[in-house]
Amino acid sequence: MTTAYITHPACVLHDMGAGHPECSERLSSIEDRLIATGLLDFLNYQEAPKANHRQLERVHDAHYIKTVLNFTPREGQEYRYLDPDTLIMEHTPEAALRAAGAVVLAAELVMSQKVKNAFCNVRPPGHHALRNQAMGFCFFNNVAVGVAHALDKFGLKRVAVCDFDVHHGNGTEDIFDKDARVMLCSSFQYPFYPYSPLNTHNPLIINAPLKAGADSEAFRQAISDVWLPALRNFEPQMLFISAGFDAHLEDEMSHTKLREADYVWVTEQLMEIANCFAQGRLVSVLEGGYALGALGRSASAHIGVLMGVQ
Ligand SMILES: [Zn+2]
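At position 306 of the sequence shown the residue is numbered 308 (the working numbering), and the sequence of numbers has no breaks.
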């Protein structure tokens, strides 16, 4: 069984302006590295469909979905700010629909055993998107749309989202905080953007905050001590990864010091959990990662582990 690689040309057209770190080259830095390493030839390449309204409405309010999808640029008003960091433009609605649709397709392919697991190389990212608000470069919460699809369509009772982006996945927490079927494991620099308070009321929100300057050892210790026992206890039937690579040493978006080997290691740990409890069912979705060289190397190493060749 293979690993699906899901992307779409429309994801490249979304553009938040010159010099914005969430740029289209992020996707090509990953794909170029997959070509250079020869991995792309062995991936099951799929074009992302658009998520439909029903799939989006599981995790977003109808009026917010309309705000994103009904945006039409006017003469002299090509952009609109939905949040101080997050610009919408003419190509954003389709890119956002394809990014969310990629994760729905990934869930379908994995649940129907057409592939072993999947990686979605998509943008805009999703984990800061709240139920009714765009935030932090995110419009629709792609991973949440996929999780909700897996829960509703396939009747799963326990799904885990593991988010190793350097920023806390506050949108995913907002969406699933009251859903007893979803565990959210998150590691993130703290205190740091988005400055959300640590959730202490929900035992399914598993936080591994990292201090500025945290290195490989601190990261692996936090995952080993905090995430892995919680995941083993929860026995998830499927795993989703919010795969942000902005905790990397070379990424100027953060002050943590992870390396490619740490992404390989954490992916191996999560594959082991998936193999043990979830018949290997795992879907990984790109979130952040802004140092293009480090992003390409880290994401392709992560994908190599998913393929079983690392
Ligand atoms: Zn991030």
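In this text, a Cβ means the ideal position worked out from N, Cα and C, and glycines have one as well.
Environment of residue i [buried if 16+ CB atoms lie within 10 Å]
{"i": "TYR83", "result": "exposed"}
{"i": "GLY148", "result": "buried"}
{"i": "VAL311", "result": "exposed"}
{"i": "CYS278", "result": "exposed"}
{"i": "HIS170", "result": "buried"}
{"i": "LYS396", "result": "Outside the shown range of the chain (3 to 312) lies residue 396, about which nothing can therefore be said."}
{"i": "MET3", "result": "exposed"}
{"i": "GLN115", "result": "exposed"}
{"i": "ALA293", "result": "buried"}
{"i": "TYR192", "result": "buried"}
{"i": "PRO95", "result": "buried"}
{"i": "THR88", "result": "buried"}
{"i": "HIS203", "result": "exposed"}
{"i": "ALA20", "result": "exposed"}
{"i": "ALA131", "result": "buried"}
For residue i, the residue or residues it bridges with in DSSP
{"i": "PRO127", "result": "Answer is none; PRO127 lacks a bridge partner."}
{"i": "SER188", "result": "ASP165, ASN209"}
{"i": "SER286", "result": "PHE121, ILE243"}
{"i": "ASN144", "result": "BP columns for ASN144 are empty, so no partner."}
{"i": "LYS159", "result": "Its beta-bridge partners do not exist; DSSP assigns none."}
{"i": "HIS250", "result": "LEU260"}
{"i": "LEU153", "result": "Bridge partners of LEU153: none, in fact."}
{"i": "MET137", "result": "CYS140"}
{"i": "ALA6", "result": "ASN46, ALA120"}
{"i": "LEU217", "result": "Note that residue 217 is Asp in the sequence shown, not Leu. Paired residue(s): LYS259."}
Spatial distance of residue i from residue j (CA atoms)
{"i": "PHE73", "j": "HIS65", "result": "12 Å"}
{"i": "MET91", "j": "PHE141", "result": "12 Å"}
{"i": "SER300", "j": "PHE247", "result": "7 Å"}
{"i": "ALA108", "j": "SER26", "result": "21 Å"}
{"i": "MET309", "j": "GLY138", "result": "30 Å"}
{"i": "TYR18", "j": "SER244", "result": "The displayed chain sequence assigns Met, not Tyr, to residue 18. If I take the Cα positions, the gap works out to 22 Å."}
{"i": "ASN123", "j": "HIS304", "result": "12 Å"}
{"i": "ILE225", "j": "THR258", "result": "15 Å"}
{"i": "ARG234", "j": "GLU80", "result": "48 Å"}
{"i": "LEU200", "j": "PHE194", "result": "11 Å"}
{"i": "ASP264", "j": "PRO75", "result": "42 Å"}
{"i": "TYR47", "j": "ASP176", "result": "32 Å"}
{"i": "SER188", "j": "LEU58", "result": "23 Å"}
{"i": "VAL163", "j": "PHE236", "result": "12 Å"}
{"i": "SER302", "j": "LEU36", "result": "6 Å"}
{"i": "LEU71", "j": "HIS62", "result": "12 Å"}
{"i": "LEU230", "j": "ARG222", "result": "10 Å"}
{"i": "ASN326", "j": "VAL106", "result": "An answer regarding residue 326 cannot be provided, because it is not within the stretch 3 to 312 covered by the chain."}
{"i": "TYR197", "j": "PRO238", "result": "28 Å"}
Residue i at chain D interface by Cβ criterion, 8 Å
{"i": "CYS122", "result": "Of the chains in the structure shown, none is chain D; there is only one protein chain."}
Item to complete: Output the residues surrounding ligand 1, defined as those with a CB atom closer than 7 Å to any ligand heavy atom, in chain order.
Response: After applying the 7 Å Cβ criterion, the set is ASP167, VAL168, HIS169, GLY246, ASP248, MET255, GLU289, GLY290.
Worksheet item: If you scan the segment 8-40 from start to end, which runs of the alpha helix (DSSP H) of 4 or more residues do you find wholly inside it?
Response: 12-15, 27-38
Fill in: Those runs of the alpha helix (DSSP H) which lie wholly inside the segment 31-98 and span at least 4 residues
Counting only unbroken stretches of 4 or more residues, the alpha helix (DSSP H) elements lying wholly within the segment 31-98 are 55-59, 64-71, in sequence order.
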